[in-house]
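Chemist:
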Amino acid sequence: MRRVEIARRRKIHAARKVQAAAALAQRIAEGIAPQENKIAGYWPLGDEIDCRPALEALRARGAEVSLPVVARQGHVLLFRVWTPGDQLVSGPFGTVHPNPRAAMVTPNLLLLPLLAFDALGHRLGYGGGYYDRTVAALRKDRNIQAVGIAYDDQEVETVPTDDNDQPLDAIITDRRTMWFKQAHQL
Numbered sequence: 014m015r016r017v018e019i020a021r022r023r024k025i026h027a028a029r030k031v032q033a034a035a036a037l038a039q040r041i042a043e044g045i046a047p048q049e050n051k052i053a054g055y056w057p058l059g060d061e062i063d064c065r066p067a068l069e070a071l072r073a074r075g076a077e078v079s080l081p082v083v084a085r086q087g088h089v090l091l092f093r094v095w096t097p098g099d100q101l102v103s104g105p106f107g108t109v110h111p112n113p114r115a116a117m118v119t120p121n122l123l124l125l126p127l128l129a130f131d132a133l134g135h136r137l138g139y140g141g142g143y144y145d146r147t148v149a150a151l152r153k154d155r156n157i158q159a160v161g162i163a164y165d166d167q168e169v170e171t172v173p174t175d176d177n178d179q180p181l182d183a184i185i186t187d188r189r190t191m192w193f194k195q196a197h198q199l
C-alpha cells in the first residue's frame, strides 16, 4: 500500500504543490486556535505537502515553532525550535533538523506528514513508527493535538491499523478540515 500511495502523492504533488501549500497555510492559520502556541511541523521530504508557509504564518502570529529531530533510531522524536532562515543540519533518512544548539521544546500541537488517511482519522506513515511512538508518549503526559496534513486526494477508503497506531485528532488538507475528536477541536 505504501508504494501505491507514494506514487499517487508524487502525481498530486507535481500537479499542484505551490497552490496546495498556500491553501494549506491559510487553512491551518485560520483553524488553529491562538492557545496552541507550541507547534511542531516538519521539513518536507520529497513530495510531502509543504507546511513551511503555515509554520511561518503561525510564527508571525506568536507561536513557537519547532521541527522534529530523529535522535536515535526506534525512539521518539525530539523537537527543537525553528525560525525561518535558521541553518539546518542533515539527519538520518534524508531529514533535516534545526541546529543542535536550538532550544528543545515540547509541542502542544503536532502537524504530521502522511502517505494516506481515512475518514476515521487513521494515518498511513512510512512504517518506522516515529510519529506513533512520539504521539503516544506525549499523550501520556499532556493533552496534545495530533493533526495530519495532506493533499485532499490522499484520502483512501481504509488505512490498515494495529495497536501501535495513534489516531489523529484532525486532518487539514488543502481543501478541507476533518475533526475526529469533537471535544478536542482546535
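Under our numbering, the first residue of the sequence shown is numbered 14, with each subsequent residue one higher.
Cβ atoms here follow ideal geometry from the backbone N, Cα and C, with glycine treated the same way.
Specify, as a first and last residue, the run of the alpha helix (DSSP H) that V31 falls within.
Modeler: The sequence position of residue 31 within the sequence shown is 18, counting from 1. Segment 15 to 44, the alpha helix (DSSP H) holding V31.
Chemist: If you count every other CB in all the chains shown that lies within 10 Å of the CB of L133, and 16 or more means buried, which is it?
Modeler: On the sequence shown, residue 133 is found 120 positions in, with the first residue counted as 1. L133 is exposed by the Cβ-count criterion.
Chemist: Roughly how many angstroms lie between the CA atoms of V118 and V94, to the nearest whole one?
Modeler: Looking up residue 118 in the sequence shown gives position 105. Looking up residue 94 in the sequence shown gives position 81. Going by the C-alpha atoms only, they are around 7 Å apart.
Chemist: Where do the N-terminal and C-terminal ends of the alpha helix (DSSP H) with R65 fall, by residue?
Modeler: Here residue 65 corresponds to residue number 52 of the sequence shown, with the count starting at 1. From DSSP, the alpha helix (DSSP H) with R65 extends over 65 to 73.
Chemist: Can you name the residues that DSSP bridges to L123?
Modeler: Taking the first residue of the sequence shown as 1, we reach residue 123 at position 110. For L123, which the question treats as bridged, DSSP gives the partners A53, A159.
Chemist: Is it a yes or a no for the segment 127 to 144 touching the segment 165 to 183, going by three-plus beta-carbon pairs under 8 Å?
Modeler: Counting Cβ pairs under 8 Å, three or more are found: they touch.
Chemist: Alpha carbons only, please: which of A129, L122, D182, I157 is nearest the one belonging to T171?
Modeler: As a working mapping, residue 171 is identified with position 158 in the sequence shown. Residue A129 is the option with its Cα nearest to T171.
Chemist: Going by DSSP in three states, F193 sits in which element: helix, strand or coil?
Modeler: Reading the sequence shown from its first residue, position 180 is the one you call residue 193. Note: F193 maps to coil in three-state DSSP.
Chemist: On a CA-only basis, which of H110, I157, Q86, R85 is nearest P97? Give me that one, please.
Modeler: Within the sequence shown, residue 97 is the residue found at index 84, counting from 1. Answer by Cα proximity: H110.
Chemist: Rounded to a whole number of angstroms, what is the C-alpha to C-alpha distance between D165 and T190?
Modeler: The residue given as residue 165 occupies position 152 in the sequence shown. The residue given as residue 190 occupies position 177 in the sequence shown. Using only the alpha carbons, I get a separation of about 9 Å.
Chemist: Leaving out five residues before and five after F92 in sequence, what residues of the same chain have Cβ atoms less than 8 Å from its Cβ?
Modeler: Within the sequence shown, the letter at position 79 stands for residue 92. Here the set comprises A53, S79, L80, P81, V82, M117, V118, T119, P120.
Chemist: Can you give the beta carbon distance from A163 to T186, rounded, assuming they're within the 8 Å contact cut?
Modeler: Start at 1 with the first residue of the sequence shown, and residue 163 comes out as number 150. Start at 1 with the first residue of the sequence shown, and residue 186 comes out as number 173. Right, the Cβ-Cβ distance comes to about 5 Å (below 8 Å), so this counts as a contact.
Chemist: Pop quiz: R146 and V89 are said to be a contact at Cβ under 8 Å. What is the actual Cβ separation, rounded to whole angstroms?
Modeler: The sequence position of residue 146 within the sequence shown is 133, counting from 1. The sequence position of residue 89 within the sequence shown is 76, counting from 1. Confirmed, about 5 Å.
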